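Just add 89 to the spot in the sequence shown (first one is 1) and you have our numbering.
Glycine included, every Cβ here is placed at the ideal spot set by N, Cα and C.
Bear in mind that the values here come from a model prediction, so they are computed numbers and not experimental data.
The structure under discussion appears below in the form of structure tokens.
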Amino acid sequence: MAAATPKSFKVLFHLHPRLDTLDFAGPLEALSEAIYPSTKSLPTPIHVFEPTVTAGTELVTSGQNCIFGRHIPLEDAYAQLADFDVLVIPGGSSNVVLEAQSEPLNLIRAWCALEKDEGRVRTLLSVCTGSLFLAQVGALKGLVATTHPYYFEKFATLCGGQTTIVKERYVVNRVKENNLRVITSGGVSCGLDACMWLINEVAGKECVDGVLEMIQYAWREGIVV
């Protein structure tokens with residue numbers, strides 16, 4: 090009997106105006122480079138993750154003046170939300186989003202409200218100050234979380250005493266009853282480290298080692314609680 094074809098996990102990235110470039114580009118690069126080792130000799134190796142980018146406008150300018158294009162509009166992202174396995178929320182210009190109560194706040198709410206899918210774990214992964222958006226919508230209640238250390242005071246206020254805040258590269262919380270796993274990462278480059286944990290979780294150490302070699306990066310681990 091032929092071995093089952095490995096699954097490619099669908100990842101949705103949301104981009105908001107003035108996001109931090111590395112918050113997005115780091116995880117995108119890491120996840121895009123992940124290939125199942127058993128398929129590397131195939132004519133078309135199987136990637137572990139399939140990234141899709143959504144945003145409120147066709148083009149989004151980052152805080153570093155890089156311009157990114159989206160794959161799908163937000164309306165389509167909402168319509169297809171249940172098809173995705175991972176939602177990645179970059180940070181940057183967090184005060185603007187919080188003051189305007191703009192996206193990705195409602196997208197995070199919708200992700201957390203998805204009905205439980207038996208046998209399937211969905212992951213919510215924030216990078217840097219993206220965790221402030223999670224805190225704003227109550228997605229971190231009862232959990233352990235981190236963010237960029239410059240924003241700990243603001244983060245604590247948003248968490249309202251209902252979240253244990255720690256200074257770590259990333260924090261992975263155990264899967265909740267609704268089969269949702271929440272991962273928060275620290276400042277900027279920490280998003281790469283959180284992605285290495287995720288790659289290891291779904292595809293194993295050999296896959297992680299291949300990604301680390303490709304992007305020439307040293308994985309700095311966080312904590313799993």
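If you follow the alpha helix (DSSP H) that residue i is part of, which residue opens it and which one closes it?
| i | result |
| --- | --- |
| G276 | Element bounds for G276: n/a, residue is neither H nor E. |
| I197 | 194-201 |
| G219 | 219-225 |
| S182 | Per DSSP, S182 belongs to no alpha helix (DSSP H) and is neither H nor E. |
| G299 | 294-304 |
| I164 | Correcting the residue identity first, residue 164 is Glu in this sequence and not Ile. Unbroken alpha helix (DSSP H) run through E164: 163-168. |
Since residue i and residue j are thought to touch, with beta carbons under 8 Å apart, how far apart are those beta carbons, to the nearest angstrom?
| i | j | result |
| --- | --- | --- |
| I178 | H103 | 6 Å |
| L213 | A166 | Going by Cβ atoms, the distance from L213 to A166 rounds to 14 Å, so no, they are not a contact pair. |
Near residue i, which residues of its chain fall below 7 Å by C-beta distance, leaving aside the five closest residues on each side in sequence?
| i | result |
| --- | --- |
| Y306 | L281 |
| D112 | P179, G180, G181, V216, C217, G219, V277, G280 |
| L170 | A199, W200, L203 |
| M90 | Because the pLDDT at M90 is just 44, under 50, the model does not fix this residue reliably, and the point stays unresolved. |
| E118 | I304 |
| V185 | R107 |
| A292 | A123, Y125, V137 |
Could you please give the first and the last residue of the uninterrupted beta strand (DSSP E) stretch that includes residue i?
| i | result |
| --- | --- |
| K99 | 98-104 |
| P116 | Taken as a continuous stretch (DSSP letters only), P116 belongs to no beta strand (DSSP E), being part of the alpha helix (DSSP H) at 110-121. |
| I178 | 175-178 |
Among the options, which has the Cα closest to the Cα of residue i?
| i | options | result |
| --- | --- | --- |
| F290 | R263, V226, Y239, K243 | The sequence as given places Glu at residue 290; Phe does not occur at that position. Comparing Cα positions, the closest option is R263. |
| P126 | T143, M303, A234, G299 | G299 |
| T246 | D174, L108, V226 | V226 |
| H136 | T128, T143, S183 | T128 |
| V313 | E257, E302, C296, V297 | E257 |
| V142 | R309, E207, P193, G250 | P193 |
| N154 | L176, S130, H105, A168 | H105 |
| Q251 | N267, L223, E266 | L223 |
| G208 | N267, G152, Y239, A189 | N267 |
Only counting the same chain, and skipping five residues up and downstream in sequence, which positions put a Cβ closer than 6 Å to that of residue i?
| i | result |
| --- | --- |
| T273 | S215, S220, A234, T235, V260 |
Contact the region 227-237 vs the region 249-264: 3+ CB pairs below 8 Å | Yes, the region 227-237 is in contact with the region 249-264.
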